[in-house]
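Chains as they are written, first to last, in my numbering: chain A, 2 to 288; chain B, 2 to 288.
Quick reminder that beta carbons are idealized off the backbone N, C-alpha and C, glycines included.
Protein chains: 2
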Amino acid sequence: VGVGDDAAVVRHDGRDVVVTTDVLVDGVHFVLRTCGGVAAARKAVAVNVSDLAATGARPRGCVAGVVLPQGTPFRLFDALARGFARAGRDFACPVVGGDTNVGPGPLVLSVAAFGDVGPRGPVLRSGARPGHVLSVTGRLGGSILGRHLSFRPRVAEGFVLGETGVARAMMDLSDGLAADLPRLCRASGVGARLFADRVPVHRDARRARGGKSPLERALSDGEDFELLVAHRRLSKAMRRTLARRGVVLHDVGEVVEGAGVTIVEDGRERVLRSRGYDHLRRARGRR
Amino acid sequence: VGVGDDAAVVRHDGRDVVVTTDVLVDGVHFVLRTCGGVAAARKAVAVNVSDLAATGARPRGCVAGVVLPQGTPFRLFDALARGFARAGRDFACPVVGGDTNVGPGPLVLSVAAFGDVGPRGPVLRSGARPGHVLSVTGRLGGSILGRHLSFRPRVAEGFVLGETGVARAMMDLSDGLAADLPRLCRASGVGARLFADRVPVHRDARRARGGKSPLERALSDGEDFELLVAHRRLSKAMRRTLARRGVVLHDVGEVVEGAGVTIVEDGRERVLRSRGYDHLRRARGRR
């Protein structure tokens with residue numbers, strides 16, 4: 002599948018292997034001084050596992066590359082190793098290999114994970130169609146208070162949503178709904194309408210400080226790592242089936258014809274600006 | 002297979018998938034200012050493909066993670082993309098996905114590649130036995146003059162050596178024969194004896210400047226990315242078969258009982274010190 006999805010899909014001996022990679026940098030994706038090596042390594046695995054979950058894949062394993070700053074004490078090396086091992090166990094995604102180097106910059110953790118999907122194949126971003134409902138798997142916003150490190154990737158949910166055929170398009174929310182939903186829409190060639198009063202706001206979005214409202218935080222903080230799902234309207238029976246398998250969906254909007262994302266708030270519909278965090282925007286200087 | 006081999010082997014739907022990762026840092030593994038983004042990206046893919054070759058695997062694809070320095074011009078981003086695409090084509094190892102970030106340090110290129118092996122399974126480092134011959138697939142030393150960027154991974158050779166069952170243990174020479182051979186020996190629980198007059202010295206090892214002799218360069222410069230192979234003594238027929246399939250082996254020594262590596266030079270046998278480049282030595286501060 003083309004570049005732009007959360008993961009790539011490769012046919013291997015007649016079966017699909019889903020592969021993904023994410024690179025985390027100290028000072029950008031975590032602050033080593035405050036979170037420590039164990040949490041940093043855990044996050045490096047977790048964000049990759051979340052990418053697998055977004056395709057409905059179950060993780061099989063990962064490899065981890067590390068660039069240590071010069072003069073790194075052995076205890077950091079050791080903490081990273083423990084963090085990788087723990088995350089591998091917690092997420093059933095063992096670190097099967099790696100590479101360690103020393104460089105002149107900050108700590109860099111690079112993980113590539115692979116997984117497999119059921120017979121329906123992977124769920125892509127491109128399957129959303131007008132009339133679909135848009136849902137998320139949990140509450141959004143304020144992840145900076147800690148959830149961006151401690152979140153649990155929605156692997157079980159992603160797998161159920163893929164296996165049952167419920168998810169027609171799916172991605173994980175890494176940059177915030179306001180930034181990520183337009184990507185899903187572009188991949189599917191559709192537009193979307195959100196309803197402000199349905200967006201599930203996390204209590205951390207109310208606690209976090211700064212100039213943003215809780216709703217703005219829920220839309221644009223990012224690093225929620227919940228799944229965004231486009232699906233047909235669910236029957237009561239299917240909703241019960243999903244609930245029994247641990248999947249709760251919060252409907253937040255609908256897929257519409259055309260392009261662009263709007264949000265309905267207090268009865269008024271306006272264009273939703275992408276205020277999510279975009280790691281690339283500064284590098285490319287355009288978009 | 003355990004940590005320490007060039008690649009990990011994961012059973013996927015009953016078939017072996019070989020997975021490897023290598024992280025390259027500007028100023029350590031390449032000098033971006035002089036080599037440019039295309040060559041840097043090519044090397045990042047090539048070193049991973051070489052790790053696959055060392056197990057006898059054929060590459061199937063890779064994912065690439067990039068950490069761009071702050072303020073990176075778009076033309077570097079573009080050069081990296083072209084380098085990744087070109088390497089993917091040249092080595093039949095397409096870049097199927099990736100992740101791009103911006104960080105405060107130097108350029109970091111992280112690639113994870115995967116491949117498959119024939120029915121005999123992967124060749125590991127641990128299969129060397131006393132009596133085996135030790136060979137390399139090409140001339141060594143002086144790679145700093147350019148080969149460390151332009152080398153062609155020994156994929157075809159590795160696959161033939163694996164498929165024919167010739168290779169009982171194999172690895173690629175990234176840190177130099179003097180550093181890498183002891184690793185193969187430790188993995189196999191054996192010792193080894195090299196013969197100085199048989200080590201194939203590359204002409205670049207004679208041209209490169211510095212205090213080392215050509216033989217020292219051949220033993221310790223590193224980044225040769227030739228394969229080191231332990232195998233039974235070859236019959237003339239097998240040697241012809243290999244030659245017909247493009248595999249030329251230079252015998253450099255033999256596997257012996259015990260531990261440690263010695264080198265025979267001018268009729269005298271001495272312990273070979275590991276003067277190869279070890280990226281980890283400085284980080285760990287021990288070994």
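Under the DSSP definition of a beta bridge, which residues are partnered with residue i?
i	result
residue 263 of chain A	A/194 and A/272
residue 115 of chain B	B/20 and B/62
residue 12 of chain B	B/17
residue 27 of chain A	A/31
residue 216 of chain B	Note: residue 216 of chain B sits in no beta bridge, so no partner.
residue 49 of chain A	Residue 49 of chain A pairs with nothing; no bridge assigned.
residue 229 of chain A	A/137 and A/172
residue 252 of chain B	B/136
residue 98 of chain B	B/64
residue 69 of chain A	A/103
residue 257 of chain B	B/192
residue 110 of chain A	A/25 and A/67
Any beta-carbon of chain B closer than 9 Å to the one on residue i?
i	result
residue 127 of chain A	no
residue 8 of chain A	yes
residue 222 of chain A	no
residue 281 of chain A	Reliability fails at residue 281 of chain A, whose pLDDT of 41 lies under 50, so the model's placement of it is uncertain and the value that follows must be treated cautiously. Yes, residue 281 of chain A counts as interfacial toward chain B.
residue 167 of chain A	no
residue 50 of chain A	no
residue 137 of chain A	no
residue 109 of chain A	yes
Should residue i be flagged as near chain A, meaning a C-beta pair shorter than 9 Å?
i	result
residue 122 of chain B	no
residue 105 of chain B	yes
residue 1 of chain B	Since the first and last residues shown for chain B are 2 and 288, residue 1 of chain B lies out of range.
residue 98 of chain B	yes
residue 68 of chain B	yes
residue 118 of chain B	no
residue 134 of chain B	no
residue 265 of chain B	no
residue 11 of chain B	yes
residue 156 of chain B	no
residue 161 of chain B	no
residue 275 of chain B	no
residue 268 of chain B	no
Closer than 8 Å: is that where the CB of residue i sits relative to any heavy atom of the ligand MN?
i	result
residue 259 of chain A	Annotation note on the ligand MN: not contained in the displayed structure, which lists no ligands.
Self-check item: Complete runs of the beta strand (DSSP E) confined to the stretch 131-205 of chain B [at least 3 residues]
Solution: Here the runs fully enclosed are 134-137, 170-173 and 192-196.
Quiz item: Just by C-beta distance, which residues in the stretch 14-48 of chain B are closer than 7 Å to chain A?
Solution: Going along the stretch 14-48 of chain B in chain order, one finds 14, 16, 18, 20, 21, 22, 23, 24, 26, 28 and 29 with a Cβ nearer than 7 Å to chain A.
Quiz prompt | Sufficient close CB pairs (3 or more, under 8 Å) joining the stretch 36-48 of chain A to the stretch 130-149 of chain B | solution = no
Exercise. Pull out every residue of the stretch 232-261 of chain A whose Cβ sits closer than 7 Å to any Cβ of chain B, in chain order.
Key: Per Cβ criterion, the list is empty.
Quiz item: What residues in the stretch 54-86 of chain B bring their beta carbon closer than 9 Å to a beta carbon of chain A?
Solution: 61, 62, 63, 64, 65, 66, 67, 68, 69, 70, 71, 72, 73, 74, 75 and 78
Practice problem: May I ask you to verify whether the stretch 195-211 of chain B touches the stretch 134-149 of chain B, counting CB pairs closer than 8 Å and requiring at least 3? | Solution: Taking 8 Å as the limit for Cβ pairs, the verdict is that the stretch 134-149 of chain B does touch the stretch 195-211 of chain B.
Self-check item: contact_flag[the stretch 104-116 of chain A, the stretch 217-225 of chain A] where n(CB pairs < 8 Å) is 3 or more
Solution: no
Quiz item: So, do the stretch 17-35 of chain B and the stretch 81-88 of chain B have three or more beta carbon pairs nearer to each other than 8 Å?
Solution: no
Exercise. Mind the definition here: the stretch 183-193 of chain A touches the stretch 56-73 of chain A only if three or more C-beta pairs lie below 8 Å; say whether that holds.
Key: no
Quiz item: Should the stretch 112-129 of chain B be called in touch with the stretch 48-60 of chain B, which here means at least 3 C-beta pairs below 8 Å?
Solution: yes
Quiz prompt | Three or more C-beta pairs below 8 Å linking the stretch 262-277 of chain A and the stretch 67-78 of chain A | solution = no
Practice problem: Assess, as a yes-or-no matter, whether the stretch 240-247 of chain A is touched by the stretch 171-182 of chain A under the definition of 3 or more beta carbon pairs within less than 8 Å. | Solution: no
Self-check item: Inter-stretch contact at 8 Å, needing at least 3 Cβ pairs: the stretch 192-199 of chain B / the stretch 155-162 of chain B
Solution: At 8 Å Cβ cutoff, the stretches do not touch.
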